[in-house]
Amino acid sequence: MKRTLLLALALAGSAQAQAPAQWTESSYANVGGWQPVQSWCDTPGRVLAVTAPATSGDAVKLAQWVGGKINVQNWQLGSPDPGAGQIYTPLTPAGQTPSQTPRYFIHSSNIENTTDPAYRMTHINEYVVPAGRFQCRYMPQATVLAATARHTVIVWESGGKVTYASRNRDGTPGIQLTGGTHTRTNRGHERYVWNNAGYQYVLEVGQSAGPGGSLSVLKGGKTLSREELLAYSISVQK
3 MKRTLLLALA LAGSAQAQAP AQWTESSYAN VGGWQPVQSW CDTPGRVLAV
53 TAPATSGDAV KLAQWVGGKI NVQNWQLGSP DPGAGQIYTP LTPAGQTPSQ
103 TPRYFIHSSN IENTTDPAYR MTHINEYVVP AGRFQCRYMP QATVLAATAR
153 HTVIVWESGG KVTYASRNRD GTPGIQLTGG THTRTNRGHE RYVWNNAGYQ
203 YVLEVGQSAG PGGSLSVLKG GKTLSREELL AYSISVQK
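Number 240 marks the last residue of the sequence shown (the numbering used here); no jumps.
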């Protein structure tokens with residue numbers, strides 16, 4: 003009986019150890035101050051974000067950054083329309099009556115999202131707005147996906163390894179660094195650091211208690227550049 007109990011406990015512990023991780027994703031943007039967003043979209047020439055509404059149909063802000071300059075407009079966010087693995091969330095200009103066949107919407111995945119442990123981030127496929135149709139960058143296993151006026155920043159963290167990659171705003175590759183560290187600051191921000199050829203790359207991002215963040219490059223303790231984030235998503239284990 004004792005051996006049976008020990009075997010059962012061992013099997014339960016093994017199953018728990020092998021259970022896939024569960025992720026919690028949150029997204030923020032600096033739209034007149036840092037706030038949660040319903041979603042955001044990183045593209046080579048533009049960053050877009052829609053603020054989180056109190057309820058479906060409530061007023062939201064549609065923010066667009068081009069070259070670091072922000073344009074903010076009032077919109078209405080409709081109820082998500084899921085089907086066949088896709089979700090279409092209507093966008094209607096403020097003051098207009100929502101249409102049964104909306105021209106503008108946010109297209110996301112009903113499959114590639116954090117309800118499935120295989121995905122660490124939700125796939126926002128595209129934004130369709132008056133300025134055009136914009137395909138959004140997606141990194142399913144990223145810990146952090148962030149945008150500045152000049153760069154896209156991607157962080158992967160798995161098995162104690164912290165990796166950094168950047169993309170220039172025109173879509174061309176930036177740099178990739180391995181061997182990073184992850185700590186938490188006194189302000190509660192997540193701090194990621196990489197050292198390369200005498201340069202230090204530092205990314206800080208906050209969560210719900212204090213959203214906001216920046217990307218800095220230092221050498222010899224002196225800050226060479228500092229870029230404020232426009233929008234970002236962070237995914238942590240539950």
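Think of the CB as a built atom: it goes at the ideal place given N, C-alpha and C, for glycine as much as any other residue.
- Message: For a test of the three-state rule: what should DSSP assign to Gln66, helix, strand or coil?
- Response: strand
- Reduced DSSP secondary structure (H/G/I, E/B, other) of Cys138: coil
- Query: Should Gln78 go down as buried or exposed, given a rule of 16 or more other Cβ atoms within 10 Å for buried?
  - Reply: buried
- Item | Option in Val238, Phe136, Ser41 with minimal Cα separation from His184 | Val238
- Item | Segment limits, beta strand (DSSP E) that includes Arg169 | 163-170
- Message: Using DSSP's beta-bridge definition, name the partner residues of Lys221.
- Response: Tyr201, Lys224
- Item | Beta-carbon spacing of Ser81, Ser235 below 9 Å | no
- Exposure label - Leu93; buried when at least 16 CB within 10 Å: buried
- Message: Looking at Leu226: is its Cβ nearer than 9 Å to the Cβ of Tyr201?
- Response: In contact: Leu226 and Tyr201 (Cβ atoms closer than 9 Å).
- Same chain only: Cβ atoms within 7 Å of Trp36, ignoring 5 sequence neighbours per side: Tyr30, Pro213, Gly214
- Backbone secondary structure at Ser41 - three-state DSSP: strand
- What beta strand (DSSP E) runs, 3 residues minimum, are completely inside the region 59-120? 61-68, 71-79, 83-85, 88-95, 106-111
- Query: Taking three-plus beta-carbon pairs below 8 Å as touching, is the region 59-70 in contact with the region 140-148?
  - Reply: The region 59-70, when compared against the region 140-148, does not touch it at the 8 Å Cβ threshold.
- Item | Extent of the continuous beta strand (DSSP E) to which Ser235 belongs | 233-239
- Item | Residues bridged to Ser28 (per DSSP) | Ile236
- Message: Taking the straight line between their C-alpha atoms, what separation do you get for Ala10 and Ser111?
- Response: Residue confidence for Ala10 is low, a pLDDT of 40 falling below 50, so the modelled location carries little weight; the figure read from the coordinates is stated next. Each residue's alpha carbon lies about 39 Å from the other.
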